[in-house]
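One line per chain: the protein sequences are A and B, in this order.
Mapping of the first sequence onto full-length UniProt numbering: position 122 corresponds to residue 122, and the numbering continues sequentially without gaps.
Mapping of the second sequence onto full-length UniProt numbering: position 99 corresponds to residue 99, and the numbering continues sequentially without gaps.
Each residue gets a CB set at the ideal place from its N, CA and C atoms; glycine is no exception.
Here the structure is a predicted model, which is why all the values come from computation and not from measurement.
There are 2 protein chains.
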Amino acid sequence: MKNRTKPSASELVILKALWKLAPQSAREIHNAVEEKLEWSYSSTRKTLERMNEKHLLSVSEVHGIRVFHPAVNKVKTLARYIKDFTQSVLEVDGQIPVSMFADSKLLNEDELAQLEKTLQQKDES
Amino acid sequence: MKNRTKPSASELVILKALWKLAPQSAREIHNAVEEKLEWSYSSTRKTLERMNEKHLLSVSEVHGIRVFHPAVNKVKTLARYIKDFTQSVLEVDGQIPVSMFADSKLLNEDELAQLEKTLQQKDES
DNA sequence: GTAACTATGCGACAAGTGTCGCATGTGCGT
DNA sequence: ACGCACATGCGACACTTGTCGCATAGTTAC
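Below you can see the structure in the form of structure tokens.
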């Protein structure tokens, strides 16, 4: 079974930090997203906790402290957002040109290729 | 002062119905969005009520029944969504090619042109 | 005028999210 | 042994959104 619910915007910020570098401790993640979210450390931690409950990430211990790993795939997650957006906001049904994301700072060529493939597919479970 | 908060996905569905044809009564709107949202009439009405409170739409009376008008601009609203999405999900900062929306069933040429202009602008209040 | 429909106004409840704070535990420096 | 700085575990509160239901008032068909 796949996750049904899209991560929220804030959760996405955190996921992005982890996709860039993982695992990271709560403190490290907090420092990484502090500027975007402007949250207190408590808020970051609570969100992390909830994301864990939702299996958006997983936890392990290193030297006695908990570190977080992303538990959802980057390209798939982004693809979910993109499909969602194009359908529900733009109401474009046909192909989504990948050229659209070429400027994105998030994706390297490999990932762009994967994304293209993923966007082509119908909805799988 | 402009609206600060983006309409939610469901609110957008309702707004789209109204952009297509306005004004409409609660009942008419409900019929129009029923398929998308699968809500009971009560839910539609409540949402309408809340959208009114938020000034996403306005109300007037015709023959004793209340009808709703959209109170936010279609192109501006869509542009908000697009900017938001490209920045927060895709992290594309530069220009957004309008070609992206050419396939959209939502916009005619005029609107596409306006959209292009709007996307070019920096954030105004 | 009476019953059957609607339209409206409201109240409610639950889940998800943003946003913290407090209390407890534990390793480290002196 | 003591106190400090963190890490963790939890509880809480407010707001938004989804989702209805109920009660009252007006309108219309017998």
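Outcome for residue i when other beta-carbon atoms lying within 10 angstroms are tallied against a minimum of 16
| i | result |
| --- | --- |
| E11 of chain A | buried |
| T86 of chain B | buried |
| L18 of chain B | buried |
| I65 of chain B | exposed |
| L106 of chain B | buried |
| L21 of chain A | exposed |
| residue 128 of chain A | Residue 128 of chain A falls outside the range modelled here, since chain A spans only 1 to 125, and no answer is possible. |
| R27 of chain B | exposed |
| E53 of chain A | exposed |
Rounded C-alpha distance that separates residue i from residue j
| i | j | result |
| --- | --- | --- |
| H55 of chain B | W39 of chain B | 22 Å |
| E35 of chain B | P7 of chain B | 19 Å |
| S58 of chain B | P70 of chain B | 6 Å |
| K16 of chain B | Q114 of chain B | 17 Å |
| R45 of chain B | I14 of chain B | 11 Å |
| E116 of chain B | S60 of chain A | 47 Å |
| A9 of chain A | D84 of chain B | 10 Å |
| E49 of chain A | Y41 of chain B | 37 Å |
| Q120 of chain B | Q95 of chain A | 25 Å |
| N73 of chain B | Y81 of chain B | 12 Å |
| S88 of chain B | A102 of chain A | 15 Å |
| E109 of chain A | L90 of chain B | 15 Å |
Whether residue i touches residue j by CB criterion (8 Å)
| i | j | result |
| --- | --- | --- |
| K76 of chain A | T47 of chain A | no |
| V67 of chain B | Q24 of chain B | yes |
Inter-residue CB distance, residue i and residue j (contact presumed, cutoff 8 Å)
| i | j | result |
| --- | --- | --- |
| V98 of chain A | L78 of chain A | Wrong, their Cβ atoms sit about 12 Å apart, outside the cutoff. |
| S43 of chain A | V92 of chain B | Contact doesn't hold; Cβ gap of about 27 Å is too wide. |
| P100 of chain A | M51 of chain B | It should be pointed out that residue 100 of chain A corresponds to Met in this sequence rather than to Pro. Their Cβ separation, rounded to whole angstroms, is 30 Å, which puts M100 of chain A and M51 of chain B out of contact at 8 Å. |
Interface positions of the segment 100-113 of chain A facing chain B (Cβ-Cβ less than 8 Å), listed along the chain: M100, F101, D103, S104, K105 and L106
Closer than 9 Å between beta carbons: that is the criterion. Which residues of the segment 6-26 of chain B meet it against chain A? So the list reads A9, L12, V13 and K16, given in the order they occur along the chain.
For the segment 30-44 of chain A, list every residue whose C-beta sits within 7 Å of some C-beta in chain B, in sequence order. none
Closer than 9 Å, Cβ to any Cβ of chain B: which residues of the segment 51-71 of chain A, in chain order? none
In the segment 76-95 of chain A, which residues sit with their C-beta less than 9 Å from some C-beta in chain B, listed in chain order? Answer in chain order: L78, Y81, I82, D84, F85, T86, S88, V89, L90, E91, V92, D93, G94 and Q95.
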